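Asker: Residue numbers (the working numbering): 10 to 228. Just dropping this structure here.
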Amino acid sequence: MMCSEERYLTFALGKGRLANKTLELLEEIGITCEEMKDKSSRKLVFVNEELKLRFFLSKGPDVPTYVEYGAADIGVVGKDTIMEENRRVYEVLDLGFGKCRMCVCGPANARDLLKHHEIIRVASKYPNIAKDYFYNKKHQTVDIIKLNGSVELGPIVKLSDVIVDIVETGSTLNENGLEVLEEICPLSARMIVNQVSMQMETERIKKLINDLKARISAV
Ligand code: PRP
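Here it is, written out as structure tokens:
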């Protein structure tokens, strides 16, 4: 065994539902972290001594930052965050959960504004994704207004004409008289890897990816 010589592999997980799902999936391939299950704990970093693994939770948008700088070798985060943050990391695996769509949404009557390429106001938690979509894909000049949540308010209180946001079940839109006007791309949870870690720890990381792949395709 060369376990004692191995260095710790560190995972950064985006807080919330994705982290719980990720831990469930890791358990299914024999990677557990008992310490993390104690919900009353205020600890930030959890260790599995036997497998030489460390885990920490952070805000989703910070996960690609930790991974780019090598503070974490591996991260799990939504594709939306990966696209918005645009960090130099390898995206290695679609974990198959957290499925939803990035969409342009608004009231039905905003459809015409989109069609006629008018200068419209777009509110979003994802200004880079919105910019890329309207400027580079649609070649439409728009004003982008960054919000930090409850973005559906934008068209309702007339801050913006449309929004760029995540749609999962569609019920938030429904309950607020808004609809999907255009679909930008599908989203789900992804695993990302630091570029240097991938070279230095190829075997361990490849095994992890393969075990996860096998597990994901088995269900
Ligand atoms: C997300 C998203 C939508 C909602 C979509 O918000 O921004 O508001 O979920 O889900 P649905 O289609 O199933 O209704 P989140 O709960 O993350 O909070 P936020 O508004 O603060 O971003």
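No residue lacks a Cβ here, since even glycine has one placed at the ideal position from N, Cα and C. No experiment lies behind these values; they were computed from the predicted model shown.
Around the ligand PRP, what residues have a beta-carbon under 5 Å from a heavy atom of it, in chain order?
Answerer: Going along the chain, the residues that qualify are Gly158, Ser159, Asp174, Ile175, Val176, Glu177, Thr178, Gly179, Ser180 and Thr181.
Asker: Starting from the C-beta of Glu44, find all residues in its chain whose C-beta is less than 6 Å away, skip the five residues before and the five after it, and write them out in chain order.
Answerer: Only Phe55 meet the Cβ criterion.
Asker: DSSP three-state label for Asn219, please.
Answerer: Asn219 falls in the helix class under three-state DSSP.
Asker: Pull up the CB-CB distance for Ile225 and Leu196, whole angstroms please, since I reckon it's below 8 Å.
Answerer: About 16 Å; that fails the 8 Å criterion.
Asker: I'd like the span of the alpha helix (DSSP H) that includes Arg120, first residue to last.
Answerer: Here the alpha helix (DSSP H) through Arg120 covers Arg120 to Lys124.
Asker: Can you name the start and end residues of the alpha helix (DSSP H) that Pro116 belongs to?
Answerer: Pro116 -> no alpha helix (DSSP H), and no H or E assigned at all.
Asker: When the Cα of Lys155 is compared with those of Glu177, Ser50, Tyr142 and Arg130, which residue comes out closest?
Answerer: Comparing Cα-Cα distances from Lys155 to each of Glu177, Ser50, Tyr142 and Arg130, the minimum goes to Arg130.
Asker: Between the alpha carbons of Gly115 and Asp141, how many angstroms are there, rounded?
Answerer: Using only the alpha carbons, I get a separation of about 19 Å.
Asker: If we call anything under 9 Å between Cβ atoms a contact, is Glu77 one with Asn183?
Answerer: Not closer than 9 Å, so no.
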